[in-house]
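Everything on this sheet refers to the single structure shown next.
In my numbering, the protein residues as written are 5 to 467.
Structure (structure tokens):
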């Protein structure tokens with residue numbers, strides 16, 4: 005691809021906005037705003053950077069024309085920059101106004117670790133029983149992956165997967181809190197970590213790699229040594245943690261993609277195996293959102309009609325459980341119908357992200373509107389998070405919110421993902437709240453912990 009001045013300028017604007025948002029609006033390695041920037045950079049920033057450096061081209065290659073790539077790349081970068089700029093405006097409007105925000109799924113106090121351990125063991129046991137049954141029925145791990153990922157034979161049973169998914173997050177956050185508060189029992193401290201990876205593997209059997217990545221990222225961002233007096237957070241340490249988390253996500257996601265293919269098909273899929281390392285990293289991490297966004301900006305409205313909000317309407321309907329509404333119409337996820345525009349026989353969709361989805365539904369006016377709504381929501385969550393303790397539980401909730409619920413902003417899947425992910429964490433935050441006697445009575449093996457430190461009490465040091 006020819007590198008033109010317009011491409012360079014558009015890329016500079018896009019990445020400057022990302023850096024500005026992280027430096028000015030972010031707080032600490034597990035802050036929701038900083039995690040939003042990190043995910044946005046991975047899903048919308050990784051691919052254009054590779055294009056500009058000449059390391060790879062758009063995917064799938066046969067859907068793009070080499071001569072039009074510079075102008076299309078410029079158009080897409082500017083469109084997503086508009087979305088991001090308005091999201092930053094929304095975040096700043098909430099976090100800089102002194103608003104308290106709204107995010108009841110964050111724990112207001114340090115969690116009761118006895119209860120956290122008990123719930124962790126129960127969820128792990130349930131997940132193990134479900135996984136054992138599925139392996140017996142479908143003939144092993146590979147058979148379960150095929151049934152859940154490709155044949156969709158487990159449709160309607162995905163709530164069982166949620167048991168292990170929530171168990172994995174709770175287990176890793178319990179490990180973080182036990183270690184952070186100086187638990188004297190090494191066995192008791194590391195047993196939840198074993199449960200975390202066991203639950204993540206149970207979810208992986210359904211064909212989903214995301215939970216294992218979230219567990220690893222939560223470890224990197226949340227683990228800290230027990231100290232009587234908390235230190236100020238240095239920007240250098242924050243940067244190191246974020247870089248390690250990014251590298252871990254790319255390596256883990258790509259590796260699990262190959263493991264999943266091997267277990268389900270006996271070998272890595274030919275197209276993936278024949279790709280370059282950069283293409284494998286992109287597909288393995290699902291960071292081809294930008295490629296789908298390029299098709300959106302090219303073909304809408306020149307050859308396709310804008311959706312007019314249909315995807316968001318179906319997203320609201322999708323949040324209603326079928327047991328409450330038996331006659332609920334079956335919606336088609338945006339990624340699925342979008343891919344079938346180009347490859348009608350494919351069942352798995354192409355992820356496109358919030359920015360492209362707002363454009364597909366409302367055109368260029370949808371970009372500032374969707375960006376502002378996304379920023380206001382993320383700002384409300386961040387403002388509330390910064391008034392809560394920096395606990396392992398709250399770190400896990402922040403990672404869930406940033407990775408699963410609104411990874412690139414507000415899209416049509418947010419209502420359903422809120423119910424699936426943040427609903428259980430909300431209930432856990434209430435159940436795990438300390439009762440009578442305060443933090444000193446939670447575990448006798450734990451020393452007194454400073455549970456009053458909030459985000460605003462420990463801003464990042466600039467030195």
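Note that CB positions come from ideal geometry on N, CA and C, so glycine has one too. These numbers were taken from a predicted model, which means no experiment stands behind them.
Grouping DSSP H, G and I as helix and E and B as strand, with all else coil, what is residue 411?
The residue labelled residue 411 in the question sits at position 407 within the chain shown. If DSSP states are grouped into helix, strand and coil, residue 411 belongs with the strands.
What's the C-alpha gap between residue 309 and residue 366?
By one-based count along the chain shown, residue 309 stands at place 305. By one-based count along the chain shown, residue 366 stands at place 362. In a straight line, the C-alpha of residue 309 is about 10 angstroms away from that of residue 366.
Measuring CA to CA, which of 261, 413 and 377 is closest to residue 40?
One-based indexing of the chain shown puts residue 40 at position 36. Answer by Cα proximity: 413.
Nearest to residue 174 by CA position, among 157, 160, 201 and 162, is which residue?
Here residue 174 is taken as the residue at index 170 of the chain shown, counted from 1. Considering only alpha carbons, the answer is 201.
With 16 as the cutoff for other CB atoms within 10 Å, does residue 233 come out buried or exposed?
If you number the chain shown from 1, residue 233 lands on position 229. With a pLDDT of 48 at residue 233, under the threshold of 50, the modelled position of that residue is not reliable, and the figure given next carries that caveat. Residue 233 should be labelled exposed.
Taking only three categories from DSSP, how would you classify residue 351?
In the chain shown, residue 351 corresponds to position 347, counting from 1. Three-state DSSP puts residue 351 in coil, outside helix and strand.
Using CA coordinates, which residue listed in 390, 424, 409 and 420 is at the minimum distance from residue 105?
For the purposes of this step, residue 105 is identified with residue 101 of the chain shown, where counting begins at 1. It is 390.
Would you report the Cα separation of residue 181 and residue 433, rounded to the nearest angstrom?
To locate residue 181, count along the chain shown from 1; it is residue 177. To locate residue 433, count along the chain shown from 1; it is residue 429. Distance between the alpha carbons of residue 181 and residue 433 is about 14 angstroms.
Stretch pair the region 403-413 + the region 127-141: three plus CB contacts closer than 8 angstroms:
no
Can you tell which of 350, 386 and 63 has its C-alpha closest to the C-alpha of residue 36?
Taking the chain shown and counting its residues from 1, the one referred to as residue 36 is at position 32. Comparing Cα positions, the closest option is 386.
At the level of alpha carbons, what is the spacing between residue 187 and residue 402?
Along the chain shown, read from residue 1 onward, the residue named residue 187 stands at position 183. Along the chain shown, read from residue 1 onward, the residue named residue 402 stands at position 398. C-alpha separation (whole angstroms): 24 angstroms.
Closer than 8 angstroms is the cut-off here; do at least three beta carbon pairs connect the region 247-264 with the region 138-145?
no
Buried or exposed by the 16-neighbour rule on C-beta atoms within 10 Å, applied to residue 271
As a first step, residue 271 must be located in the chain shown, where it is residue number 267. So residue 271 ends up on the exposed side.
By Cβ distance below 6 angstroms, which residues in the same chain neighbour residue 283 in space, the five residues on each side in sequence not counted?
Here residue 283 refers to the residue found at position 279 of the chain shown. Excluding residues within five positions, the ones whose Cβ falls inside 6 angstroms are 60.
Which of the three DSSP states is assigned to residue 213 in this structure?
Locating residue 213 in the chain shown gives position 209, where the first residue counts as 1. Residue 213: coil per DSSP, three-state reduction.
Cβ-Cβ separation, residue 169 to residue 215 (assumed contact under 8 angstroms), whole Å:
The residue given as residue 215 occupies position 211 in the chain shown. The residue given as residue 169 occupies position 165 in the chain shown. The Cβ separation is near 5 angstroms, so the contact holds.
By how many angstroms is the C-alpha of residue 347 removed from the C-alpha of residue 66?
The count along the chain shown starts at 1 and reaches residue 66 at position 62. The count along the chain shown starts at 1 and reaches residue 347 at position 343. Cα to Cα, the separation comes out at about 11 angstroms.
Residue 424 and residue 166 look like a contact to me (Cβ under 8 angstroms); what is the Cβ gap, rounded to whole Å?
In the chain shown, the residue the question calls residue 424 occupies position 420. In the chain shown, the residue the question calls residue 166 occupies position 162. Going by Cβ atoms, the distance from residue 424 to residue 166 rounds to 6 angstroms, so yes, they are a contact pair.
DSSP three-state label for residue 16, please.
Working through the chain shown from its first residue, we reach residue 16 at position 12. Helix at residue 16.
Nearest-angstrom Cα separation, counted from residue 296 out to residue 360
Within the chain shown, the letter at position 356 stands for residue 360. Within the chain shown, the letter at position 292 stands for residue 296. Cα to Cα, the separation comes out at about 8 angstroms.
Excluding the five sequence neighbours on either side, which residues of its own chain have a C-beta within less than 7 angstroms of the C-beta of residue 446, listed in chain order?
Within the chain shown, the letter at position 442 stands for residue 446. Low per-residue confidence applies at residue 446: pLDDT is 46, beneath 50, and the placement is therefore not dependable, though the value from the model is reported in the following sentence. If we look at residue 446 and ignore the five residues flanking it on each side, its Cβ neighbours are 116, 117, 118 and 438.
Do residue 429 and residue 109 have their CB atoms nearer than 8 angstroms?
Residue 429 sits at position 425 when you count from the first residue of the chain shown. Residue 109 sits at position 105 when you count from the first residue of the chain shown. Yes.
Would you grab the beta carbon distance between residue 10 and residue 74 for me? Rounded to a whole angstrom, and I think it's under 8 angstroms.
Walking along the chain shown from the start, residue 10 turns up at place 6. Walking along the chain shown from the start, residue 74 turns up at place 70. That pair is a contact at about 7 angstroms.
If you measure between the beta carbons of residue 290 and residue 355, is that distance less than 8 angstroms?
As a position in the chain shown, residue 290 is number 286, starting the count at 1. As a position in the chain shown, residue 355 is number 351, starting the count at 1. It is a contact, given that the beta carbons lie within the stated cut-off.
Through-space distance from residue 28 to residue 267, alpha-carbon basis:
Within the chain shown, the letter at position 263 stands for residue 267. Within the chain shown, the letter at position 24 stands for residue 28. So the alpha carbons of these two residues sit roughly 45 angstroms apart.
Would DSSP call residue 153 helix, strand or coil?
Here residue 153 refers to the residue found at position 149 when the chain shown is read from its first residue. Looking at residue 153 - three-state DSSP - the assignment turns out to be helix.
Tell me the DSSP secondary structure of residue 417 in three-state form.
Translated into positions along the chain shown, residue 417 becomes position 413. Three-state result, residue 417: coil.
Could you check whether residue 379 and residue 92 sit closer than 8 angstroms to each other, using their CB atoms as the reference points?
Here residue 92 is taken as the residue at index 88 of the chain shown, counted from 1. Here residue 379 is taken as the residue at index 375 of the chain shown, counted from 1. Yes, the pair counts as a contact, with Cβ atoms nearer than the cut-off.
Please name the residue, chosen from 42, 161, 321 and 294, that lies closest to residue 358 on a Cα-to-Cα basis.
By one-based count along the chain shown, residue 358 stands at place 354. Taking only the C-alpha atoms, the option nearest residue 358 is 294.
Quick one: using the 10 Å Cβ neighbour count with 16 as the cut-off for buried, is residue 54 buried or exposed?
One-based indexing of the chain shown puts residue 54 at position 50. It counts as buried.
To the nearest angstrom, how far is the alpha carbon of residue 442 from that of residue 269?
The residue given as residue 442 occupies position 438 in the chain shown. The residue given as residue 269 occupies position 265 in the chain shown. Residue placement at residue 442 cannot be trusted, given a pLDDT of 47 that sits under 50; the coordinates are not used to answer.
Would you report the Cα separation of residue 274 and residue 150, rounded to the nearest angstrom?
Against the chain shown, residue 274 aligns to sequence position 270. Against the chain shown, residue 150 aligns to sequence position 146. When rounded, the distance between both Cα atoms is 17 angstroms.
Measure from the alpha carbon of residue 23 to the alpha carbon of each residue in 85, 57 and 64, then state which is nearest.
Along the chain shown, one-based indexing puts residue 23 at 19. Ranking 85, 57 and 64 by Cα distance to residue 23 puts 85 first.
Determine the direct distance from the alpha carbon of residue 198 to that of residue 190, and round the result to whole angstroms.
By one-based count along the chain shown, residue 190 stands at place 186. By one-based count along the chain shown, residue 198 stands at place 194. Each residue's alpha carbon lies about 12 angstroms from the other.
So what does DSSP say about residue 492, is it helix, strand or coil?
With the chain running from 5 to 467 in the structure shown, residue 492 is simply not present.
Looking only at C-alpha atoms, which of 406, 206 and 8 sits nearest to residue 468?
Residue numbering for the chain in the displayed model covers 5 to 467; residue 468 lies beyond these limits and cannot be assessed.
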